[in-house]
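Working notes, structure below.
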Amino acid sequence: MLLTSSLADASRLQFALTAMYHWLFVPLTLGLGILIAIFETKYYRCGDESWKKLTRFWSRIFAINFACGVATGIILEFEFGTNWSNYSWFVGDIFGAPLAIEGIFAFFLESTFFAVMYFGWDKVSKGFHLLSTWLTAIGANLSAYWILTANGWMQNPVGVEFNPLTARNEMVDFWSIVFSPTTLSKFSHSVMSGFLVAAIVVIAISCWYLKKQRNREFSLRSIKYATVFGLFAIFMLMVTGHTSAVTVTRTQPMKLAAMEGLYRGENGTPFVGFAVLNPKKTYDNDENPYLFNISFPKVLSFIANGDFNSFVPGISDIIEGGYKYKDANGEEKTALSFQEKVDRGNMARRALSLYAQYKDDPDTAKRNQILSQAKVYLDENFEYFGYGYLKNPEDSIPNVPVTFYSFRIMVMLGGYFILFLIVCWWLMKKKILEKKKWFIFFAILSVPLVYICAEAGWVVAEVGRQPWTIQDLLPIGASVSGVSSSNVWTTFIIFAVLFTTLLIAELKIAFNQIKKGPDGIKWN
Amino acid sequence: MEVGKTLWLIILIKLAIIFLILRVFFFRPELSRYDTDAEKAEHVIENLTKQP
Ligand code: HEM
């Protein structure tokens, strides 16, 4: 069946909507869980009831977010099976294993201990309650690890062997998948973004209390801890953001080039701090890529390769090939051009066709001869399999403006949060935070900003890797199922309504509880 | 209504929508119409090799 691009577009739009909504709920769960566990540890150690009140209040905000967010990720798994069936089959057990482990963590560990954490106050011992809180928080972060293992594999498909008889990838090295550099950098960066979200939300709500001149002690204590937690998170975000960029350089050079709006690399490539992209620029014309730009000489080369004079390929370089680069194992290679990759992808696809055609041939000798020849072709060319579906060089370029500007939004907001948290820490130290009305304004404004920042990160990661569902192995067009696009649009609308309702419910209940505050809630 | 109860209600309604409506009427795995893995593989291989 020939698959239309409108179906692919509808399916990817639906997936983007679901994933972005899902990510509205996840980061707060990841970070606030840990922060609450730290608060409760304080309570466990000193037995002071005010720590208990603090823990219980933030647990309530956690619970509201958890209840609205839990299971929204399941829909993504449904979408794999229905809209992306070729892809789901092709990934084989690579997805099944991490997602099954994720299911166990999410449903058993996280949900069970969450129930104890929320309902178990004064019903179980203090020690067991504390353990449950820590296990809920750790369980949430571990389940994120497994999801990100699956995502990391799509961006950097390691540890597998393709079986042409079944058209599935089979896992040959579980640990190289679980500990691939892509997974590790994704996990650490995403979790730290969750920590930052939690810190900002706690600071903002506490600042609102200070503005209303209520719950003073509670708020100042929450801000103090959240600020240190946030400073740790933003520092780690810079470190892991850097390791993410290094990994992207090795495994997804086209994504890096799109992040930078870089068309022609050089030895000592500058890093673009800010720029306005030239809409007329294409990979094959001589237009200047930027209408305006502020760049730092040689910095991109240093970020990407740890060497100020190294070469970083741009979009046109990647399409033309011929430059030297180091692969993921550090081996020096000459880059293939787009056309060479397409030719090798076509060879791999032809080899797969030969398998399909001759695997049941009754003539054993002929079958064995053709299949062994096909196997050689497939093994030699499989790493470019997906290029066999691409026609024009443009097909291999992601949306540059979306990737470029999203990356700048994330990094610039990262800069804003460093400043914000340092100022917060300083005002706390000087004990003048409550008097600074402007700071309270910025604290509240920071809540939407931190969510925009985290969403922008995912836009960079996912738009930047287009057209691939699995890097170099399977493009979008070859991944979708033969479902009708009207079906996809119907579910798109259902999701939009369902998720928006959930979001409104979460915000309404959360605002209500925040208004009541830690003193207004009756703790049974 | 007490918050705990509201949250349970949200979770239950959501799970009902996800599993009883979306799963049953809209999200039938495409390959579930085939009985065996061999048939599923054949279908996917056809999609992967026949595309232009
Ligand atoms: C401060 C400097 C930062 C740098 C250098 C940086 C770098 C990066 C890079 C290179 C990626 C793409 C990784 C990939 O495609 O595999 C990424 C993704 C992402 N970023 Fe950032 N980032 C920074 C700050 C932040 C901040 C402040 C947040 C959130 C509050 C954030 C949240 C995310 C998220 C959620 C993703 C998607 C998940 C992932 O791919 O790791 N980033 N970041």
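Line by line, the protein sequences are chains A and B. In terms of the working numbering, the first sequence opens at residue 1182 and continues consecutively. In terms of the working numbering, the second sequence opens at residue 1174 and continues consecutively. Ideal placement from N, C-alpha and C gives every residue a C-beta, glycine not left out.
CB-CB length for residue i against residue j, believed under 8 Å
i	j	result
Ala1321(A)	Thr1210(A)	5 Å
Ser1627(A)	Ala1385(A)	6 Å
Phe1368(A)	Tyr1406(A)	Rounded, the Cβ-Cβ distance is 24 Å, inconsistent with contact.
Thr1650(A)	Tyr1268(A)	5 Å
Ser1497(A)	Tyr1464(A)	5 Å
Phe1585(A)	Met1419(A)	The Cβ separation is near 20 Å, so there is no contact.
Leu1205(A)	Leu1684(A)	7 Å
Ser1192(A)	Asn1246(A)	Not quite, the Cβ-Cβ distance comes to about 28 Å (not below 8 Å), so this is no contact.
Leu1571(A)	Pro1656(A)	6 Å
Gln1652(A)	Pro1579(A)	Not really, about 12 Å apart at Cβ, beyond 8 Å.
Met1591(A)	Gly1645(A)	Incorrect: roughly 11 Å between the Cβ atoms, too far for contact.
Burial state of residue i (16 or more Cβ within 10 Å)
i	result
Gln1550(A)	exposed
Cys1388(A)	buried
Asn1490(A)	exposed
His1216(B)	buried
Thr1236(A)	buried
Glu1283(A)	buried
Leu1183(A)	Note on Leu1183(A): pLDDT 36, under 50, position unreliable in the model; the coordinate value appears next. Exposed, by the Cβ-count rule.
Asp1542(A)	exposed
Asn1705(A)	Its pLDDT being 48, under 50, Asn1705(A) is placed unreliably by the model, and nothing is read from it.
Thr1363(A)	buried
Gly1411(A)	buried
Gly1701(A)	exposed
Gly1250(A)	buried
His1310(A)	buried
Thr1712(A)	The structure shown does not extend to residue 1712(A), since chain A is modelled only from 1182 through 1705, so no value can be given for it.
Gly1569(A)	buried
Trp1239(A)	buried
Asn1396(A)	buried
Leu1316(A)	buried
Asn1573(A)	exposed
Element boundaries [beta strand (DSSP E), containing residue i]
i	result
Arg1196(B)	From DSSP, Arg1196(B) is part of no beta strand (DSSP E); its letter is neither H nor E.
Ser1577(A)	First-last for Ser1577(A): undefined, no H or E at that position.
Trp1649(A)	1649-1651
Glu1203(B)	Neither: Glu1203(B) is in no beta strand (DSSP E) and is coded neither H nor E.
Val1341(A)	1341-1344
Glu1351(A)	1349-1352
Ser1476(A)	1471-1477
Residue i versus the options, residue with shortest Cα-Cα distance
i	options	result
Cys1634(A)	Leu1391(A), Ile1415(A), Arg1548(A)	Ile1415(A)
Pro1338(A)	Phe1276(A), Tyr1202(A), Tyr1471(A)	Phe1276(A)
Ala1562(A)	Leu1216(A), Thr1672(A), Leu1517(A)	It should be pointed out that residue 1562(A) corresponds to Asn in this sequence rather than to Ala. For the residues Leu1216(A), Thr1672(A), Leu1517(A), the minimum Cα distance to Asn1562(A) belongs to Leu1517(A).
Val1353(A)	Val1383(A), Thr1430(A), Pro1345(A), Asp1274(A)	Asp1274(A)
Lys1540(A)	Met1528(A), Asn1527(A), Gln1554(A)	Gln1554(A)
Leu1594(A)	Phe1492(A), Gly1454(A), Asn1474(A), Asn1469(A)	Gly1454(A)
Asn1469(A)	Met1298(A), Ser1357(A), Pro1478(A), Asn1459(A)	Asn1459(A)
Thr1450(A)	Phe1309(A), Lys1436(A), Asn1466(A), Ser1482(A)	Ser1482(A)
Leu1323(A)	Ser1240(A), Ile1215(A), Ala1248(A), Met1417(A)	Ile1215(A)
Gly1442(A)	Met1417(A), Thr1428(A), Phe1473(A)	Phe1473(A)
Thr1209(B)	Pro1699(A), Thr1347(A), Gly1511(A), Ile1255(A)	Thr1347(A)
Trp1334(A)	Phe1343(A), Ser1361(A), Trp1606(A)	Ser1361(A)
Arg1445(A)	Leu1401(A), Arg1397(A), Asn1486(A), Pro1494(A)	Pro1494(A)
Thr1432(A)	Leu1559(A), Asp1508(A), Asn1693(A)	Asp1508(A)
Gly1511(A)	Pro1478(A), Thr1428(A), Asp1467(A), Asn1527(A)	Thr1428(A)
Ala1248(A)	Ile1358(A), Ile1217(A), Phe1295(A), Val1664(A)	Phe1295(A)
Span of the alpha helix (DSSP H) around residue i
i	result
Phe1295(A)	1292-1300
Leu1614(A)	Where Leu1614(A) is concerned, there is no enclosing alpha helix (DSSP H), given that its DSSP letter is neither H nor E.
Lys1234(A)	1230-1250
Gln1336(A)	1307-1336
Asp1303(A)	Unbroken run through Asp1303(A): none, as it is neither H nor E.
Tyr1390(A)	1362-1392
Thr1240(B)	For chain B, the structure presents residues 1174 to 1225; residue 1240(B) sits outside this window and is missing.
Arg1589(A)	1581-1610
Asp1210(B)	1210-1223
Tyr1268(A)	1266-1272
heavy atom of the ligand SAM below 6 Å from residue i C-beta
i	result
Val1339(A)	The ligand SAM is not part of this structure, which contains only the ligand HEM.
task: Mind listing, in chain order, the continuous alpha helix (DSSP H) runs of no fewer than 4 residues lying wholly within the region 1502-1545 of chain A?
output: Within the region 1502-1545 of chain A, the complete alpha helix (DSSP H) runs of at least 4 residues are 1519-1539.
- prompt: Which ranges would you report for the alpha helix (DSSP H) in the region 1417-1454 of chain A if only whole runs of at least 4 residues count?
  reply: Within the region 1417-1454 of chain A, the complete alpha helix (DSSP H) runs of at least 4 residues fall at 1434-1441.
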